[in-house]
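Taking it in order: structure first as structure tokens, then the write-up.
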Amino acid sequence: MIKSAAVSSRSVLVDPHGRTIRKLRLSLLDACNASCLYCMPEKRLFESLQRGLPIAELLEIVARLVHYGITTVRVTGGEPTLHPDFIEYMQRLSQLPIERLAFTTNAIRLHQLLPQLESTNCRHINISLDSLQESGFKRITGRAALEAVLAGIDAALERGYTIKLNCVLMRHLNDHEIPDFLAFAHRKGIEIRFLELMNIGIAGDYFQQHYFSAAECLAAIALHTTVTRLPSELDATAIQYQTEQGARFGIIASESIPFCQHCSRWRLLPNGELRACLFQSDGISLCACSPAEFEERLHTVLRRKPTERLVRQEQDMYQIGG
Ligand code: SAM
Ligand code: SF4
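Using the numbering used here, read the sequence shown as starting at 1106 and increasing by one per residue.
Here it is, written out as structure tokens:
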């Protein structure tokens, strides 16, 4: 249903199950400068720089979606900071009437981009950090770049950005680092979110061996401290906790405690394809539509959003935008 809100001139996107869509993940490109085990297969196909829409066309679609009620845009990829127009995207997204503009990055290039980022309204950065050890970092990401990432985190904190760390937990690879991650985040005054490995693309090859559940994560933390659950927004992906020392952390338990029933997210790919769900491999193109066609396509995507977690996504995360 697309209905007019009494409190706003915008239309509001409400799906047949009463979920209001308000968050957009915008993938700028599929290319990346890392090769994370769970995301990037050896045989990769970067297509978006050839097939992606020109900046004006992709932003026009985002602006139309904002008109229909999107209030949060998180830019992602691939590695969004590699897009040649990354800063221009962030500047132009800053002109839209949205409540929050953010991006997710591996932070390898963050330090050098921060001065230019000041020209945007973006104050929120999600940074992937799967190991605090140089060898573990290189093994998981394929890059010897821990130092650059840590420098990027410090520089962003100095500039006053709100940072959240994303850490995909994997048995035998980084589960032993959980106390170190918590201490690191607490020391820096930032929130860390532990993600369950998702059964997406190449991660399927590692799933049996490396999946580490939210319950196991909590049990590992409980060996060291007492944990209290905190309230969180209904459509939040992370369940929030606080340790007795005051360290805040979240757990994104996409596999063991899926959050589909309250999901408020859509995904827009670099080619202008809109997807209702991370686990669906086909979307609807929003390119070159008349206003009536555009609205009709939004209706279709609203109807397509599943309420239960689909078991597996064959495409890789870099192709969709995590
Ligand atoms: N390149 C950026 C980065 O790594 O932050 C943004 C894109 S990346 C695809 C977005 C997020 O998806 C990262 O935090 C990454 O750890 C997560 N991710 C990718 N594949 C995943 C998987 N199979 N399971 C869980 N999280 C995954
Ligand atoms: Fe690149 Fe992000 Fe995928 Fe790692 S998770 S390979 S940094 S897109």
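The C-beta atom is built at its ideal place from N, Cα and C for all residues, glycine as well.
| query | result |
| --- | --- |
| M1275 Cβ short of 8 Å to ligand 2 heavy atom set | no |
| Near ligand 1: G1426 beta-carbon under 8 Å from a heavy atom | yes |
| Between the CA atoms of T1342 and F1364 - distance to the nearest angstrom | 6 Å |
| For A1207: DSSP bridge partner residues | R1179 and H1229 |
| Enclosing beta strand (DSSP E) for F1317 [first to last residue] | Where F1317 is concerned, there is no enclosing beta strand (DSSP E), given that its DSSP letter is neither H nor E. |
| S1240 - DSSP class collapsed to helix/strand/coil | helix |
| Expected contact under 8 Å - CB spacing of D1235 and G1183 to nearest Å | D1235 to G1183, Cβ: 17 Å. No contact. |
| E1378: first and last residue of the uninterrupted beta strand (DSSP E) it sits in | E1378 to R1380 |
| Any non-hydrogen atom of ligand 1 closer than 8 Å to S1359 Cβ | yes |
| Segments of 4+ residues assigned as alpha helix (DSSP H) that fall wholly inside the segment 1336 to 1364 | none |
| Unbroken stretches of the beta strand (DSSP E), 3 residues or longer, contained in the segment 1266 to 1318 | 1267 to 1274 and 1296 to 1301 |
| Any non-hydrogen atom of ligand 2 closer than 8 Å to T1342 Cβ | no |
| Proximity test, M1195 beta-carbon vs ligand 1 heavy atom, cut-off 8 Å | no |
| G1123 CB to nearest heavy atom of ligand 1 below 8 Å | no |
| Own chain residues within Cβ distance below 7 Å of A1111, not counting five before or after | Residue placement at A1111 is poorly supported in this model, since its pLDDT is 42, which falls under 50; the coordinates are not used for a value here. |
| Reduced DSSP secondary structure (H/G/I, E/B, other) of V1119 | strand |
| Unbroken beta strand (DSSP E) run spanning S1153, endpoints | Counting along the chain, S1153 falls outside any beta strand (DSSP E), though it belongs to the alpha helix (DSSP H) covering S1153 to R1156. |
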